[in-house]
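This report concerns only the one structure given below.
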Amino acid sequence: MNHALKKNIAELTNCSVEEYREADKLPFAVLLDNVRSMQNVGSILRTSDAFLVKEVVMAGITGIPPHKEISKTALGAEDSVAWRYVEDAVEECLRLKKEGWTVCVLEQAHSSIDLMDFAAVEGERYLLVVGNEVSGVDQRIVDMADVILEIPMHGVKHSLNVAVSAGMAIWKMSDSMMTLQEMYPS
Numbered sequence: 078m079n080h081a082l083k084k085n086i087a088e089l090t091n092c093s094v095e096e097y098r099e100a101d102k103l104p105f106a107v108l109l110d111n112v113r114s115m116q117n118v119g120s121i122l123r124t125s126d127a128f129l130v131k132e133v134v135m136a137g138i139t140g141i142p143p144h145k146e147i148s149k150t151a152l153g154a155e156d157s158v159a160w161r162y163v164e165d166a167v168e169e170c171l172r173l174k175k176e177g178w179t180v181c182v183l184e185q186a187h188s189s190i191d192l193m194d195f196a197a198v199e200g201e202r203y204l205l206v207v208g209n210e211v212s213g214v215d216q217r218i219v220d221m222a223d224v225i226l227e228i229p230m231h232g233v234k235h236s237l238n239v240a241v242s243a244g245m246a247i248w249k250m251s252d253s254m255m256t257l258q259e260m261y262p263s
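Next up, the structure:
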């Protein structure tokens, strides 16, 4: 039987909010396309903090901090992670694509690739777009995407909560980018 002691809060603390804001981030942003649940927004901010996402862009009806429902799940990540609001997700995706960002959409589509097959390319900047809890990512963004990522579903349900699926994609994409940084240090 394993009798490992759980780590205490002092052992778990990585850095201060100020140190985190100054730390190098991955070339990786997340865009929330009309995510309606404030708790999902907070959860995605918290996951973005954990995996060094450069920024979270909130678009359309997506709620923004400060808001008690966001804070409830973000647990302070709304202060550490860079975020901004834009009115139109489609326009923002077009703008970032023109700036050279690779637009990756998390969606179920006929031309998707399995999330586990994602492999970052050195020198690329990635925008992960996640969508509304009911309607998903706007079809116009799906149409312009460079990559469509899909999480295979094997049970009765055909989808996961947006914060859960975003968490899986953020982890996989950041892991691939961190592996590249280890292979090609600056």
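End of the sequence shown sits at 263 in our numbering; the numbers just go up one at a time, nothing left out. We put the CB at the ideal spot given by N, CA and C, even for glycine. Bear in mind that the values here come from a model prediction, so they are computed numbers and not experimental data.
Query raised in the report: Roughly how far, in whole angstroms, is the beta-carbon of Met-245 from the beta-carbon of Ile-228, given that I think they are within contact range, below 8 Å?
Result: As a working mapping, residue 245 is identified with position 168 in the sequence shown. As a working mapping, residue 228 is identified with position 151 in the sequence shown. 6 Å between Cβ atoms; contact.
Requested in this report: Label Val-153 either buried or exposed according to how many other C-beta atoms from any shown protein chain fall within 10 Å of its C-beta, with 16 as the threshold for buried.
Outcome: The sequence position of residue 153 within the sequence shown is 76, counting from 1. Checking the sequence shown, residue 153 turns out to be Gly, not Val. Gly-153 is exposed by the Cβ-count criterion.
Query raised in the report: Got a sec? Which residues, its chain only, sit under 8 Å from Ser-242 by beta carbon, not counting five neighbours each side?
Result: By one-based count along the sequence shown, residue 242 stands at place 165. Excluding positions up to five away in sequence, the list reads Leu-183, Val-207, Ile-228 and Ser-236.
**Report entry** As assigned by DSSP and simplified to three states, the class of Asp-101
**Finding:** Stepping through the sequence shown from its first residue, residue 101 is reached at position 24. The three-state reading of DSSP puts Asp-101 in coil, since its state is none of H, G, I, E or B.
Query raised in the report: If you follow the beta strand (DSSP E) that Met-135 is part of, which residue opens it and which one closes it?
Result: Locating residue 135 in the sequence shown gives position 58, counting from the first residue. Per DSSP, the unbroken beta strand (DSSP E) holding Met-135 starts and ends at 132-136.
Query - Opening and closing residue of the alpha helix (DSSP H) in which Ile-225 lies - result: Here the question's residue 225 lines up with position 148 in the sequence shown. Ile-225 -> not in any alpha helix (DSSP H); beta strand (DSSP E) instead, spanning 224-227.
Query raised in the report: If you follow the alpha helix (DSSP H) that Cys-181 is part of, which residue opens it and which one closes it?
Result: Within the sequence shown, residue 181 is the residue found at index 104, counting from 1. Judged by DSSP secondary structure, Cys-181 falls outside any alpha helix (DSSP H) and instead within the beta strand (DSSP E) spanning 178-183.
Query raised in the report: Three or more beta-carbon pairs under 8 Å between the stretch 171-189 and the stretch 81-101, yes or no?
Result: Flag = no, the stretch 171-189 and the stretch 81-101 do not touch.
Requested in this report: Could you spell out the range, first to last residue, of the beta strand (DSSP E) harbouring Val-206?
Outcome: The residue given as residue 206 occupies position 129 in the sequence shown. Following the DSSP letters along the chain, one finds Val-206 inside the beta strand (DSSP E) bounded by residues 202-207.
Query raised in the report: First and last residue of the beta strand (DSSP E) that includes Arg-113?
Result: On the sequence shown, position 36 is the one that residue 113 refers to. Going by DSSP, Arg-113 is part of no beta strand (DSSP E) at all; its letter is neither H nor E.
Query - Given Ala-147 as reference, the closest of Leu-192, Ser-93, Gly-119 and Ile-190 once Cα atoms are compared - result: Numbered from its first residue, the sequence shown carries residue 147 at position 70. One detail in the question is off: residue 147 reads as Ile in this sequence, not Ala. Nearest C-alpha to Ile-147: Gly-119.
Query - Secondary structure of Asp-191, DSSP reduced to three states - result: Taking the sequence shown and counting its residues from 1, the one referred to as residue 191 is at position 114. In the three-state reduction of the DSSP assignment, Asp-191 falls in the strand class.
Query raised in the report: Tell me which same chain residues have a C-beta within less than 7 Å of the C-beta of Phe-195, skipping the five on either side of it?
Result: Within the sequence shown, residue 195 is the residue found at index 118, counting from 1. Within the same chain, Phe-195 has close Cβ partners Leu-226, Lys-249, Met-250 and Ser-253.
Query raised in the report: Alpha carbon to alpha carbon, how far is Val-180 from Glu-199?
Result: Working through the sequence shown from its first residue, we reach residue 180 at position 103. Working through the sequence shown from its first residue, we reach residue 199 at position 122. Those two C-alpha atoms are separated by around 15 Å.
Query raised in the report: Taking Glu-176 as the reference, which of Trp-160, Ala-197 and Glu-201 has the closest Cα?
Result: Locating residue 176 in the sequence shown gives position 99, where the first residue counts as 1. Per the C-alpha coordinates, the member of Trp-160, Ala-197 and Glu-201 positioned closest to Glu-176 is Glu-201.
Query raised in the report: Whole-angstrom Cβ separation of Asp-215 and Ala-166, contact assumed at under 8 Å?
Result: Here residue 215 corresponds to residue number 138 of the sequence shown, with the count starting at 1. Here residue 166 corresponds to residue number 89 of the sequence shown, with the count starting at 1. The pair is a contact, with the Cβ atoms about 6 Å apart (cut-off 8 Å).
Report task. Compare the C-beta of Met-115 with all C-beta atoms of chain D and state if any pair is closer than 8 Å. Result -> The structure shown contains no chain D, having only a single protein chain.
Report task. Report the rounded CA-to-CA distance for Ala-92 versus Ala-197, giving the unit in angstroms. Result -> Stepping through the sequence shown from its first residue, residue 92 is reached at position 15. Stepping through the sequence shown from its first residue, residue 197 is reached at position 120. Note on residue identity: the sequence assigns Cys, not Ala, to residue 92. Cα to Cα, Cys-92 sits roughly 27 Å from Ala-197.
Query - Residue of Leu-122, Asn-85, Ala-240 and His-80 minimising C-alpha distance to Ala-159 - result: To locate residue 159, count along the sequence shown from 1; it is residue 82. Considering only alpha carbons, the answer is Leu-122.
Report task. Consult DSSP for Leu-167 and reduce its assignment to one of helix, strand or coil. Result -> As a working mapping, residue 167 is identified with position 90 in the sequence shown. Note that residue 167 is Val in the sequence shown here, rather than Leu. Helix, per DSSP.
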